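Colleague: Below you will find the structure I want to go over with you.
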Amino acid sequence: MVAEFGLLGTIEAHVDGRPADVGHLRQRAVLAALLVDTNRPVPVDELVDRVWGDRAPQRARGTLYGYLSRLRQALASAAEVRIVRQPGGYLLEADPLSVDLHRFRDLAARARTADDGQAAELTRRALRLWRGTPFATVDTPWFSDLRHTLERERLSVELDDTDLRLRRGLHGELLPALTARTGEHPLDERLAGQLILALYRSGRPADALTHYQAVRRRLAEELGVDPGAPLQRLHQRVLTGDPALALTPPRTGDGSPIPRQLPSSPYWFTGRDQQLAELDKALAPADRPGGPVVISAIGGSGGVGKTRLALQWAYQNLDRFPDGQLYVDLRGFDPSGQPVAPAVALRGFLDALGVESGSVPLDVQAQTGLYRSLVQGRRMLIVLDNAADAGQAAALLPGSAGCTVLVTSRRRLAGLASAHGARLLTLDVLTAPEAAELLTRHLGQERAAAEPEAVAALLEHCAGLPLAISVVGARAAAHPDFPLAVLAEELRDESTRLDALDAGDLTASVRAAFTVSYRALTAGAAEVLRLVGIAPGPEIGQAAVACLVARPIAAVRAALRELENAHLVQQPAPGRYRLHDLARLHAVEQARREPADGNDQALTRLVDFYLHTALAGARQLDPHQDPVGVTTVPPGVTPQDLADHGEALAWFTTEHPALLGALDLAARTRRDAQVCRLARALETFFDYRGHWHDWATSQHLALDAAQRLGEGAWEAAAHRGLGNVHTQTGRLDDGRRHFHRALELYERLGDRVSQAHTHRGLGWVCHQQERQREALGHAEQALELYRQAGHRAGQAKALNNVGWLHSTLGDHRAALHHCTEAVALNREAGDPHGEAGAWDSLGYAHHHLGEFTQALDCYRRALELDRSVGDRYGETEILGHLGDTHLAVGDDEAARLAWRHALEIADETGHPASTELRDRLSRLPESGPRTVSGTKTPPAALEP
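In our numbering, the protein residues as written are 325 to 1268.
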């Protein structure tokens, strides 16, 4: 597998095009420190200095070795990449050109010895490697110094590129960027000379001379020197109007003008490296014979930056189109007018191509033929901006190869792809670093750095939409003395955020951008958009949408397809849909204009969909759980069919955020019965996956709802759920209190099975508090109550608990007896989760009887069963016990692997055993004899 590394921005690694997990920031810094010196050894002390500077921890070397070990694992699949230990240091073996920093330097060096044509391509490729600030967020002195060096190298390459563009006569397009760059580097004489030359060639000699005097004055004031000889000579040539400074306007061989219709290059353009690279790839087959080459149809929502991307790519590739560039704004979604008719656009193209007005045919088809004849065989770029649909764009396509066409539209132009071979490129919002860079460019470094919290809030509220960021930048610029916090506070309120994202005209209003797209929808698609906007959760599935709108799934698919084609919803995974944050706010505004009862009925159906599907899923996860009293499925609701345990677990995992949103919605709107039932249905999933905070929150909501309903059974269930989750997270006194309250309520209700469940919970608390005799008493009470009720699954779990507690009291033979019976009962009941817990307890008893081979067998069997049901909490416990037994038999490496895996899961789920596992690993020496740890961690199934 091929590895690629990125240092010119955030520190990244990719293997076969997929991101490699190279750890947290400090571990990435270790990778970067080695990559800078690819194939050269770096001494350990120097590595420590590069990564930590003067803030190195006491055990920096040990920490460094751990980072290196994990980096080796992360890159193990990459061919020809190795981290090698050498005397006194480490060396990373790799192809230097797999690292963007070395590739940048190689391209820059080659460009300086190439002719202008090759040099332009090489410098463009070099600059495109930059994704932002090198080694972003790493702040040690070594990285900071290297960052400054690289930024100087980048500026040098940018100046080389500017020289090449000036020689091609592109001074007009360069002016905005040159003006901005001279503001950032006011003392750079080479840059000053480039701006002076561009101003002069643009017919502004007075401005050119004024800039020279400003540079001369600043050099004298700040450095006490005069401009160098090259700049002085250029000044003299401007004064005398040297004809050699001017360039003759380009014309074709037959004397006709070369059109240069592109608008000015986008001044605020930021990021989009991946999309620019995709457009480059699409250009590759431009020389093939046959029909027109439609390089790409760029689609995306309003305000996402489609036109800016098209123009940025166009300006980066002007040298590829020596015969000119045609541009037209087709106004397909113009809020102030109708789309441009193809005939009108054609006439504009003919004018640009030098056709005299008297020579233009009256017939539109004849005009099309003349246009295609004139561009025949030419290497031209044609930009069709803001197309209403594929038909409008298709009418303006050239008739033969040679020309390249860029089309932008708010719709997905599938017709261009099917009929003309267009490559479709969907543009999404900016990444977080790109958005931060764009806003900082609007605000200025100093202003942005002065209020980092306000800047972070502004970025959050703009949600990566370039139009929103530009509006914020414009509003901030209008009041340069106002604190940014004032604007951030205005944006904080969702109900008025779209009002705040309005700079005063239709082209600078986020609401206007979304309204134009919304008005173009069919009634059915508009209804789906409104209701999806008010639905809880960050995304929603097709089945849920069907219940939300009470329409057949086929009709829903058609509406969602229309919304996706209009870039108003995204489909991040098959059958899953989401809205951009600001698009959601606009959809909510539209929903509020509809009758409130319709929205309320839709949300009730949606919550019922999640409730009834979750109940079915919970039965798949734990077929032996007590039934949850629930009414029949209401009309208009079709729960999703979950065939087995794996499908149920996958559904819960996918719908996790939406389920939390549905629960919160039900609680806020006092749908109390739904709250109680949904919270109960989610418990097994939360337990298996270690979502402790969500579990606790859901049970508190259920408790409040049950008390409002006056339902003792639901109140007791919520108290028992809180007892479980508090005990899981080590809040034992709180757990004990909730279990006792649940027991009181269950005794009042005469519910023996639930009393038994609660006694098991109390036994668990007592065990955690090291009150083993009391714990055993609760477990035995639970067993007796289960037997009286004939509850076989409960008996199996209680037998395991009784056995485990005997083992903690030293009676391991009694433990074997009870846990063996528990295994048999669980297997008879078909409960792999309960059986896993019993095998874990058997392993513990065998371990403490010195029967390590049997213990290992038991733990492996427990692990296999536990993984089959997806219980991450139980897997952590079993792996911890497995590591103990490996240590006891002297297999240190196996113990280390088991504990590391357990720690990874514990860190991921917030398991309270994290600290103990870290301690065990830290106390495990590199070599030498080992002793049994003797830890007494609860078995995987001791908890209820």
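A virtual CB, placed ideally from N, CA and C, is assigned to each residue, including glycine. The model shown is predicted, which means the values in this text are computed figures rather than measured ones.
Starting from the C-beta of residue 1269, find all residues in its chain whose C-beta is less than 6 Å away, skip the five residues before and the five after it, and write them out in chain order.
Modeller: There is no way to answer for residue 1269, as the model of the chain reaches only from 325 to 1268.
Colleague: Pull up the CB-CB distance for residue 1142 and residue 1130, whole angstroms please, since I reckon it's below 8 Å.
Modeller: Position 818 of the sequence shown, counted from the start, is the residue given in the question as residue 1142. Position 806 of the sequence shown, counted from the start, is the residue given in the question as residue 1130. Correct: roughly 7 Å between the Cβ atoms.
Colleague: Touching or not, the stretch 454–471 and the stretch 642–659, by the rule of three or more beta carbon pairs under 8 Å?
Modeller: no
Colleague: Can you grab the Cα-Cα spacing for the pair residue 338 / residue 471, in whole Å?
Modeller: Against the sequence shown, residue 338 aligns to sequence position 14. Against the sequence shown, residue 471 aligns to sequence position 147. Their backbone Cα atoms lie some 22 Å apart in a straight line.
Colleague: In its own chain, which residues sit with a C-beta less than 7 Å from the C-beta of residue 1218, not counting the 5 before and 5 after it?
Modeller: Taking the first residue of the sequence shown as position 1, residue 1218 is located at position 894. Once the five neighbours on either side are set aside, the close Cβ partners of residue 1218 are 1210.
Colleague: Is residue 721 near residue 744, with beta carbons less than 8 Å apart?
Modeller: For the purposes of this step, residue 721 is taken as the residue at position 397 of the sequence shown. For the purposes of this step, residue 744 is taken as the residue at position 420 of the sequence shown. Contact annotation: residue 721 and residue 744 have beta-carbon atoms nearer than 8 Å.
Colleague: Just to check my reading of the structure: residue 289 and residue 671 have Cβ atoms closer than 8 Å, yes? What is that Cβ distance to the nearest angstrom?
Modeller: Outside the shown range of the chain (325 to 1268) lies residue 289, about which nothing can therefore be said.
Colleague: Along the chain, where does the beta strand (DSSP E) that runs through residue 329 open and close?
Modeller: Taking the first residue of the sequence shown as 1, we reach residue 329 at position 5. Element bounds for residue 329: 327–330.
Colleague: Specify whether the stretch 503–515 and the stretch 409–418 touch according to this definition: at least 3 beta carbon pairs, one from each stretch, less than 8 Å apart.
Modeller: no
Colleague: Considering only C-alpha positions, which residue in the set 1053, 1147 and 1077 is nearest to residue 1236?
Modeller: In the sequence shown, counting from the first residue as 1, residue 1236 sits at position 912. The candidate whose alpha carbon is nearest that of residue 1236 is 1053.
Colleague: Skipping 5 residues on each side, what residues in its chain have a beta carbon closer than 6 Å to that of residue 701?
Modeller: Mapped onto the sequence shown, residue 701 falls at position 377. So the qualifying residues of the chain are 726.
Colleague: Short check: CB of residue 1183 to CB of residue 1195, under 8 Å?
Modeller: By one-based count along the sequence shown, residue 1183 stands at place 859. By one-based count along the sequence shown, residue 1195 stands at place 871. The answer is no: Cβ separation not under 8 Å.
Colleague: Mapping DSSP to helix, strand and coil, what is residue 551?
Modeller: Walking along the sequence shown from the start, residue 551 turns up at place 227. In this structure, DSSP gives residue 551 a state outside helix and strand, which the three-state scheme calls coil.
Colleague: For the alpha helix (DSSP H) that residue 701 lies in, which residues bound it at each end?
Modeller: In the sequence shown, residue 701 corresponds to position 377, counting from 1. Looking at the DSSP string, residue 701 is not in any alpha helix (DSSP H), and its letter there is neither H nor E.
Colleague: Could you check if residue 806 is buried or exposed, using at least 16 other CB atoms within 10 Å of its CB as the buried criterion?
Modeller: Here residue 806 refers to the residue found at position 482 of the sequence shown. Exposed, since its Cβ has fewer than 16 Cβ neighbours within 10 Å.
Colleague: For the candidate residues 1150, 538 and 529, whose alpha-carbon lies nearest to that of residue 1120?
Modeller: Residue mapping note: residue 1120 aligns to position 796 of the sequence shown, counting from 1. Minimum Cα distance to residue 1120 is reached at 1150.
Colleague: Taking buried to mean at least 16 other C-beta atoms within 10 Å of its own C-beta, is residue 662 buried or exposed?
Modeller: In the sequence shown, residue 662 corresponds to position 338, counting from 1. That one is exposed.
Colleague: Going residue by residue through the stretch 1103–1187, where are the continuous alpha helix (DSSP H) segments of at least 4 residues, counting only ones entirely within it?
Modeller: 1116–1132, 1136–1153 and 1156–1172
Colleague: Between the Cα of residue 1224 and the Cα atoms of 1203, 789 and 1213, which residue gives the shortest distance?
Modeller: Residue 1224 sits at position 900 when you count from the first residue of the sequence shown. Among 1203, 789 and 1213, the Cα nearest to that of residue 1224 belongs to 1203.
Colleague: Would residue 1272 and residue 441 be called neighbours here (beta carbons separated by less than 8 Å)?
Modeller: Since the first and last residues shown for the chain are 325 and 1268, residue 1272 lies out of range.
Colleague: With three or more beta-carbon pairs closer than 8 Å as the criterion, would you say the stretch 852–871 touches the stretch 973–981?
Modeller: yes
Colleague: Measure the C-alpha to C-alpha separation of residue 1124 and residue 1166 and round it to an integer number of angstroms.
Modeller: The sequence position of residue 1124 within the sequence shown is 800, counting from 1. The sequence position of residue 1166 within the sequence shown is 842, counting from 1. Their backbone Cα atoms lie some 9 Å apart in a straight line.
Colleague: To the nearest angstrom, report how far apart residue 1081 and residue 949 are at their CA atoms.
Modeller: Locating residue 1081 in the sequence shown gives position 757, counting from the first residue. Locating residue 949 in the sequence shown gives position 625, counting from the first residue. Their Cα atoms are separated by approximately 11 Å.
Colleague: Would you mind stating whether residue 595 and residue 758 have Cβ atoms separated by less than 8 Å?
Modeller: Here residue 595 refers to the residue found at position 271 when the sequence shown is read from its first residue. Here residue 758 refers to the residue found at position 434 when the sequence shown is read from its first residue. In this structure, residue 758 lies closer than 8 Å to residue 595 by Cβ.
Colleague: Per DSSP, what kind of secondary structure is residue 964 in: helix, strand or coil?
Modeller: Position 640 of the sequence shown, counted from the first residue, corresponds to residue 964. Coil.
Colleague: Assuming residue 1074 and residue 1063 form a contact by the criterion Cβ under 8 Å, report the distance between their Cβ atoms to the nearest whole angstrom.
Modeller: The residue given as residue 1074 occupies position 750 in the sequence shown. The residue given as residue 1063 occupies position 739 in the sequence shown. So it is not a contact: roughly 18 Å between Cβ atoms.
Colleague: Going along the chain, which unbroken runs of the alpha helix (DSSP H) with 4 or more residues stay wholly within the stretch 1044–1083?
Modeller: 1056–1073
Colleague: Is DSSP giving residue 1213 helix, strand or coil here?
Modeller: By one-based count along the sequence shown, residue 1213 stands at place 889. Correct three-state label for residue 1213: coil.
Colleague: So, for residue 1100: in the same chain, excluding its five sequence neighbours on each side, which residues have a beta-carbon less than 6 Å away from its beta-carbon?
Modeller: Counting from one through the sequence shown, the residue named residue 1100 turns up at place 776. Counting only Cβ-Cβ distances below 6 Å, and skipping sequence neighbours, we find 1129.
Colleague: Relative to the C-alpha of residue 893, which residue among 734, 936, 760 and 801 is closest?
Modeller: In the sequence shown, residue 893 corresponds to position 569, counting from 1. When the alpha-carbon of residue 893 is set against those of 734, 936, 760 and 801, the nearest one is in 734.
Colleague: Please confirm whether residue 748 and residue 624 have their CB atoms less than 8 Å apart.
Modeller: Position 424 of the sequence shown, counted from the start, is the residue given in the question as residue 748. Position 300 of the sequence shown, counted from the start, is the residue given in the question as residue 624. Residue 748 is not a Cβ neighbour of residue 624, given a cutoff of 8 Å.
Colleague: Please report how far the alpha carbon of residue 1010 lies from the alpha carbon of residue 1148, in whole angstroms.
Modeller: Locating residue 1010 in the sequence shown gives position 686, where the first residue counts as 1. Locating residue 1148 in the sequence shown gives position 824, where the first residue counts as 1. Near 27 Å, if we compare the C-alpha coordinates of residue 1148 and residue 1010.
Colleague: Are residue 961 and residue 932 close, meaning C-beta to C-beta below 8 Å?
Modeller: As a first step, residue 961 must be located in the sequence shown, where it is residue number 637. As a first step, residue 932 must be located in the sequence shown, where it is residue number 608. Result yes, Cβ atoms of residue 961 and residue 932 sit closer than 8 Å.
Colleague: Look at the Cβ atom of residue 634, then the Cβ atom of residue 707, and state whether they are nearer than 8 Å.
Modeller: The residue you call residue 634 lines up with position 310 of the sequence shown. The residue you call residue 707 lines up with position 383 of the sequence shown. Result yes, Cβ atoms of residue 634 and residue 707 sit closer than 8 Å.
Colleague: Count Cβ pairs between the stretch 837–853 and the stretch 794–813 that sit closer than 8 Å; are there 3 or more?
Modeller: no
Colleague: Pull up the CB-CB distance for residue 901 and residue 851, whole angstroms please, since I reckon it's below 8 Å.
Modeller: For the purposes of this step, residue 901 is identified with residue 577 of the sequence shown, where counting begins at 1. For the purposes of this step, residue 851 is identified with residue 527 of the sequence shown, where counting begins at 1. Rounded to the nearest angstrom, the Cβ distance from residue 901 to residue 851 is 14 Å, too far for a contact under 8 Å.
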